[in-house]
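Worksheet for the structure shown next.
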Amino acid sequence: MAWHRRNFLTQVLIPSLFTKRSGDEAAPRFPEIKPGEYGITWIGHASFLVQTHDYNVLIDPNWARWLKVIKRLKQPGFEIHHLPDIDLVLVTHAHFDHLDRRTLRRIASDQPIVVPVGVGNLVHDLGFNIVHELDYWQTVRLGSLKISLTPCHHWGARFLADLHRGFGGFVIEANGRAIFHCGDSAYFPGFKEIGERHDIEIALLPIGAYDPPSGREVHMNPEEAVQAFLELRAKKLVPMHYGTFRLGYEPLDEPLSRLLSRAREAGIHDDVLVMTEGQPVVL
Ligand SMILES: [Zn+2]
Ligand SMILES: [Zn+2]
Numbered sequence: 513m514a515w516h517r518r519n520f521l522t523q524v525l526i527p528s529l530f531t532k533r534s535g536d537e538a539a540p541r542f543p544e545i546k547p548g549e550y551g552i553t554w555i556g557h558a559s560f561l562v563q564t565h566d567y568n569v570l571i572d573p574n575w576a577r578w579l580k581v582i583k584r585l586k587q588p589g590f591e592i593h594h595l596p597d598i599d600l601v602l603v604t605h606a607h608f609d610h611l612d613r614r615t616l617r618r619i620a621s622d623q624p625i626v627v628p629v630g631v632g633n634l635v636h637d638l639g640f641n642i643v644h645e646l647d648y649w650q651t652v653r654l655g656s657l658k659i660s661l662t663p664c665h666h667w668g669a670r671f672l673a674d675l676h677r678g679f680g681g682f683v684i685e686a687n688g689r690a691i692f693h694c695g696d697s698a699y700f701p702g703f704k705e706i707g708e709r710h711d712i713e714i715a716l717l718p719i720g721a722y723d724p725p726s727g728r729e730v731h732m733n734p735e736e737a738v739q740a741f742l743e744l745r746a747k748k749l750v751p752m753h754y755g756t757f758r759l760g761y762e763p764l765d766e767p768l769s770r771l772l773s774r775a776r777e778a779g780i781h782d783d784v785l786v787m788t789e790g791q792p793v794v795l
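To convert, take the position in the sequence shown, counting from 1, and add 512; that gives the working numbering.
Pasting the structure below:
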């Protein structure tokens, strides 16, 4: 128990106002994706562009400069108009850092969107041609892509009383290779089951916001993310959900340094792929 009461307003929010946003938004050079390859571009926070030879998929896209009173401290990796045509949008849950209606409205151009059950009414009016609501382990297909919703340990209310909203992560499968976007989650035993049901190769795992003002256990810390990675039996760990918005008391640069030192101890340092916003990687 801390001796001094901490104050999120004076210790985190107000200092953020005086912190200059870092990062730049150069036009990215999206690579040609060959059959069987994945192109992955981190946009920032939990937002990713995942490309296959045939499809461009956006996950939790968010170009917001502010989440209500929380300032974005790192620019998105590139500007929204640099995006290629998007074939499919996935949103893991209704929290403001993952579901940004303004961003979604700009991306929507008659393509499908996939959300957990109970989230559809937040996106149905934005310009998507169909809203798929998935329950845990349910799947939806788009050509050669198979999308599955996975469980997590979190909560889904965007406001206070809308606790009916679902929340989860996604497994994207194409050409026999699987990418897992965890969404937000505390550490929980379910990672093992996700790894048993899906042969996950690349795991996008959240490592920040583990010291939230609410004190609730809703986000993994970096050590728990390594544990989750091992239980998923994935081959590559891509850390996310750090360095963009201060959603917890921890300093912005703490999650990554803790992750790297834990990964070294666990002997998986070579399996960690630290991405830079706006710089595509082909795997
Ligand atoms: Zn969340
Ligand atoms: Zn989040």
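Cβ atoms here follow ideal geometry from the backbone N, Cα and C, with glycine treated the same way.
Note that the structure is predicted; figures quoted are calculated from it, not measured.
Same chain only: Cβ atoms within 6 Å of residue i, ignoring 5 sequence neighbours per side
i, result
"residue 590", "537, 540, 790"
"residue 778", "738"
"residue 547", "565"
"residue 513", "Confidence at residue 513 is low in this model, with a pLDDT of 47, below 50, so the placement of that residue should be treated as unreliable; the coordinate-derived value is given next. Result list for residue 513: empty, nothing under 6 Å."
"residue 571", "560, 602, 693"
"residue 719", "734, 737, 751, 754, 767, 771"
Same chain, Cβ closer than 7 Å to residue i, five either side skipped, listed in chain order
i, result
"residue 736", "699"
"residue 689", "550, 713"
"residue 643", "625, 627, 632, 635, 636"
"residue 740", "699, 703, 717, 732"
"residue 518", "761"
"residue 652", "626, 644, 646, 659"
Option in the options with minimal Cα separation from residue i
i, options, result
"residue 599", "786, 783, 565, 632", "565"
"residue 771", "717, 729, 521, 597", "717"
"residue 786", "581, 695, 754", "754"
"residue 752", "548, 722, 617", "722"
"residue 555", "548, 602, 575", "575"
"residue 679", "607, 758, 743, 739", "607"
"residue 522", "761, 587, 660", "761"
"residue 665", "654, 605, 569, 617", "605"
"residue 614", "548, 748, 758, 580", "580"
"residue 733", "764, 748, 745", "764"
"residue 638", "520, 621, 759, 662", "621"
"residue 650", "571, 683, 676", "683"
"residue 601", "705, 654, 630, 648", "654"
"residue 573", "545, 609, 528", "609"
"residue 744", "570, 596, 694, 646", "694"
"residue 667", "676, 661, 660, 659", "676"
"residue 557", "545, 612, 543", "612"
"residue 727", "759, 749, 719", "759"
"residue 724", "691, 697, 795", "697"
"residue 747", "783, 775, 593", "783"
"residue 592", "543, 553, 630", "553"
"residue 524", "647, 662, 757, 545", "757"
Beta-carbon contacts of residue i that lie in its chain and below 8 Å, excluding the five residues immediately before and after
i, result
"residue 531", "583, 585"
"residue 656", "564, 566, 567, 686, 687"
"residue 578", "584"
"residue 623", "598, 599, 600, 601, 640, 641"
"residue 775", "738, 749, 781, 783, 784"
Where the beta strand (DSSP E) containing residue i begins and where it ends
i, result
"residue 551", "551-556"
"residue 773", "Residue 773 -> not in any beta strand (DSSP E); alpha helix (DSSP H) instead, spanning 766-778."
"residue 564", "Run containing residue 564: none; DSSP gives neither H nor E here."
"residue 483", "The shown model of the chain, from 513 to 795, leaves out residue 483, and the question about it has no answer."
"residue 660", "657-662"
"residue 600", "600-602"
"residue 646", "642-646"
"residue 580", "Neither: residue 580 is in no beta strand (DSSP E) and is coded neither H nor E."
"residue 625", "624-628"
"residue 684", "681-686"
"residue 808", "In this structure the chain extends from 513 to 795, so residue 808 is not present and cannot be described."
"residue 690", "689-693"
"residue 651", "651-654"
"residue 748", "748-752"
Delimiting residues of the alpha helix (DSSP H) encompassing residue i
i, result
"residue 467", "Because residue 467 is not part of the residues shown, which for the chain are 513 to 795, the question remains open."
"residue 740", "734-744"
"residue 709", "702-709"
"residue 526", "526-529"
Segment contact, 8 Å Cβ cut-off, at least three pairs: the stretch 669-678 with the stretch 703-711: no
With distances taken from each beta carbon to the nearest heavy atom of ligand 2, which residues come in below 5 Å, in chain order? 609, 696
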